[in-house]
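Trainee: Before anything else, here's the structure in question.
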Amino acid sequence: MSSSLSLKIDSDLAGVGPVARAVRALCSETLDELALDELELGVVEALNNVIKHGYAGQKGSLVQVRVGLKADKVVVEIIDQAPPMPPSALQPSDPWAGIDAAEPQDLPEGGMGLALIQMTMDEVAYSSRKGVNTLTLTKLLSRK
Amino acid sequence: MLSTETIDGVLIVRVEERRLDASKAPLFKEHVSAALGGDVNRLVLDLGQVEFIDSSGLGVIVSVLKRLGPSGSLAIASANSAVRRLFSLTRMDRVFILYDTPQSAIENLRA
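Going down the list, the protein sequences come from chains A and B. Number 103 in full-length UniProt numbering belongs to position 103 of the first sequence; there are no gaps in the numbering. Number 70 in full-length UniProt numbering belongs to position 70 of the second sequence; there are no gaps in the numbering.
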């Protein structure tokens with residue numbers, strides 16, 4: 001079994017929710033509820049990141065979302081033509097390190113998106129070729 | 001976007017949005033700030049109508065906690081499984097106490 005679907009949205013934060021819900025709905029037969037919650041969160045953070053940082057919050061550019069359903073995994077590709085992320089952006093990071101000892105004033109209010117993408121997905125890959133960036137998010141089917 | 005009520009000195013902020021995400025976070029922050037006023041230091045955030053929160057929405061909740069100051073307390077009520085997952089992934093479930101209902105949150109803040 002393998003099928004795929006491609007969606008295109010404008011680089012507008014208001015469009016992220018509907019697309020994330022559509023991706024969730026597409027995968028609802030394939031993944032369990034916890035995996036769907038994580039997938040939706042990861043896709044939202046990835047799209048927010050492209051729009052807020054790649055396109056600097058400007059509307060009017062296209063972001064493509066390609067969903068591939070395979071027998072053993074769901075693969076979501078986020079494709080944009082914004083300036084690419086630096087290679088260091090997807091290094092594992094922990095914005096919450098030391099949170100147990102942290103005072104409320106030291107808690108992070110932002111900069112959590114990329115870490116959440118890593119935490120919600122089983123595999124994350126990023127490539128940038130000829131001005132086209134592809135963030136590939138993979139969620140493996142959990143063995144029930 | 002939200003409605004408020006004060007019970008026994010505890011401010012209850014009921015979020016009337018299904019999604020608290022990057023597109024809504026700036027406005028949400030404005031509305032909550034306006035609701036806080038001067039002398040509020042115990043607050044229950046009722047998320048019963050909220051289906052989804054992203055890191056931007058969570059950032060606003062953290063900013064509210066900071067605004068309440070060292071003597072303040074902020075409790076979360078009626079978070080669904082997706083929101084609870086966000087709190088556990090980010091370890092914010094160690095910073096905020098999540099209650100099943102606004103009533104149980106109010107009782108604990110009052111105690």
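By construction, the Cβ of each residue, glycine as well, lies at the ideal position given by its N, Cα and C atoms.
By the DSSP assignment, the alpha helix (DSSP H) with aspartate 37 of chain A in it spans what residues?
Mentor: On the first sequence, residue 37 of chain A is found 37 positions in, with the first residue counted as 1. Segment 33 to 49, the alpha helix (DSSP H) holding aspartate 37 of chain A.
Trainee: With distances taken between CB atoms, is the gap from leucine 20 of chain B to isoleucine 53 of chain B smaller than 7 angstroms?
Mentor: Position 20 of the second sequence, counted from the start, is the residue given in the question as residue 20 of chain B. Position 53 of the second sequence, counted from the start, is the residue given in the question as residue 53 of chain B. Cβ distance < 7 angstroms, so leucine 20 of chain B and isoleucine 53 of chain B count as in contact.
Trainee: Contact between the segment 24 to 42 of chain A and the segment 99 to 110 of chain A is defined here as three or more beta-carbon pairs at a separation below 8 angstroms; is this criterion met?
Mentor: no
Trainee: Thinking just about the alpha-carbon of each residue, which of A:Met119, A:Gly60, A:Gly111, A:Ser142 is nearest to the one in aspartate 80 of chain A?
Mentor: Taking the first sequence and counting its residues from 1, the one referred to as residue 80 of chain A is at position 80. Ranking the options by Cα distance to aspartate 80 of chain A, first place goes to A:Gly60.
Trainee: How is the beta strand (DSSP E) around arginine 129 of chain A delimited, first residue to last?
Mentor: Locating residue 129 of chain A in the first sequence gives position 129, where the first residue counts as 1. Here the beta strand (DSSP E) through arginine 129 of chain A covers 123 to 129.
Trainee: Thinking just about the alpha-carbon of each residue, which of A:Pro87, A:Ala35, A:Gln58, A:Ser2 is nearest to the one in leucine 135 of chain A?
Mentor: Taking the first sequence and counting its residues from 1, the one referred to as residue 135 of chain A is at position 135. Of the listed residues, the one whose Cα sits closest to leucine 135 of chain A is A:Pro87.
Trainee: Can you tell me where the alpha helix (DSSP H) with glycine 68 of chain A in it begins and where it stops?
Mentor: Locating residue 68 of chain A in the first sequence gives position 68, counting from the first residue. Careful: glycine 68 of chain A lies outside any alpha helix (DSSP H), inside the beta strand (DSSP E) at 62 to 69.
Trainee: So, are the CB atoms of tryptophan 96 of chain A and threonine 90 of chain B less than 7 angstroms apart?
Mentor: Residue 96 of chain A sits at position 96 when you count from the first residue of the first sequence. Residue 90 of chain B sits at position 90 when you count from the first residue of the second sequence. Contact: yes.
Trainee: Buried or exposed, going by whether 16 or more other CB atoms sit within 10 Å of the CB of serine 78 of chain B?
Mentor: Counting from 1 along the second sequence, the entry for residue 78 of chain B is found at position 78. Serine 78 of chain B is buried by the Cβ-count criterion.
Trainee: Within the same chain, show all residues whose beta-carbon is closer than 8 angstroms to that of glycine 59 of chain B, passing over the 5 residues directly before and after it, in chain order.
Mentor: Sequence index remark: in the second sequence, residue 59 of chain B carries index 59 (1-based). Same-chain partners within the cutoff: Ala25.
Trainee: For my contact list, alanine 125 of chain A and serine 93 of chain A are in at a C-beta cut-off of 8 angstroms; report their separation, rounded to the angstrom.
Mentor: Numbered from 1 along the first sequence, position 125 holds the residue referred to as residue 125 of chain A. Numbered from 1 along the first sequence, position 93 holds the residue referred to as residue 93 of chain A. With 8 angstroms as the limit, alanine 125 of chain A and serine 93 of chain A do not qualify as a contact, their Cβ atoms being about 17 angstroms apart.
Trainee: Is the beta carbon of glutamine 64 of chain A less than 7 angstroms from the beta carbon of lysine 8 of chain A?
Mentor: Within the first sequence, residue 64 of chain A is the residue found at index 64, counting from 1. Within the first sequence, residue 8 of chain A is the residue found at index 8, counting from 1. A contact, by the Cβ cut-off of 7 angstroms.
Trainee: Check each candidate in B:Leu2, B:Arg14, B:Met1 and name the one with the smallest Cα separation from glutamine 103 of chain B.
Mentor: Looking up residue 103 of chain B in the second sequence gives position 103. Measuring from the Cα of glutamine 103 of chain B, the nearest candidate turns out to be B:Arg14.
Trainee: Who are the Cβ neighbours of glycine 68 of chain A in its own chain at under 6 angstroms, not counting the five residues just before and after it?
Mentor: Position 68 of the first sequence, counting from 1, holds the residue named residue 68 of chain A. Ser4, Val75, listed in sequence order.
Trainee: So the alpha helix (DSSP H) serine 142 of chain A belongs to, where does it begin and stop?
Mentor: Within the first sequence, residue 142 of chain A is the residue found at index 142, counting from 1. Taken as a continuous stretch (DSSP letters only), serine 142 of chain A belongs to no alpha helix (DSSP H), as it is neither H nor E.
Trainee: By Cβ distance, which residues of its chain are closer than 7 angstroms to proline 83 of chain A, with the 5 residues on each side in sequence left out?
Mentor: By one-based count along the first sequence, residue 83 of chain A stands at place 83. Excluding positions up to five away in sequence, the list reads Gly54.
Trainee: Assuming serine 6 of chain A is part of the beta strand (DSSP E), what are its boundary residues?
Mentor: As a first step, residue 6 of chain A is located in the first sequence; it is residue number 6 there, counting from the start. Start and end: 3 to 10.
Trainee: Beta carbon of asparagine 41 of chain B, beta carbon of leucine 68 of chain B: below 7 angstroms?
Mentor: Here residue 41 of chain B refers to the residue found at position 41 when the second sequence is read from its first residue. Here residue 68 of chain B refers to the residue found at position 68 when the second sequence is read from its first residue. Contact: yes.
Trainee: If we count the other Cβ atoms within 10 Å of its Cβ and call it buried at 16 or more, is glycine 42 of chain A buried or exposed?
Mentor: On the first sequence, position 42 is the one that residue 42 of chain A refers to. Of the other Cβ atoms in all chains shown, 16 or more fall within 10 Å of the Cβ of glycine 42 of chain A; this residue is therefore buried.
Trainee: In three-state DSSP terms, what is arginine 14 of chain B?
Mentor: For the purposes of this step, residue 14 of chain B is identified with residue 14 of the second sequence, where counting begins at 1. Residue state, collapsed to three classes: strand.
Trainee: Take glycine 15 of chain A and list the residues in its own chain whose beta-carbon comes closer than 6 angstroms to its own, dropping the five residues that flank it on each side.
Mentor: Here residue 15 of chain A corresponds to residue number 15 of the first sequence, with the count starting at 1. So the qualifying residues of the chain are Ile9.
Trainee: So if I threshold CB-CB distances at 8 angstroms, which residues from the segment 108 to 125 of chain A count as touching chain B?
Mentor: Pro108, Glu109, Gly110, Met112, Gly113, Leu116, Met119, Thr120
Trainee: Just to confirm the assignment, what range does the alpha helix (DSSP H) spanning isoleucine 61 of chain B have?
Mentor: Position 61 of the second sequence, counted from the first residue, corresponds to residue 61 of chain B. From DSSP, the alpha helix (DSSP H) with isoleucine 61 of chain B extends over 55 to 68.
Trainee: For glutamine 58 of chain A, would you say it is in contact with chain B, using Cβ-to-Cβ distances shorter than 7 angstroms as the test?
Mentor: In the first sequence, counting from the first residue as 1, residue 58 of chain A sits at position 58. Answer no: the Cβ-Cβ gap between glutamine 58 of chain A and chain B never drops below 7 angstroms.
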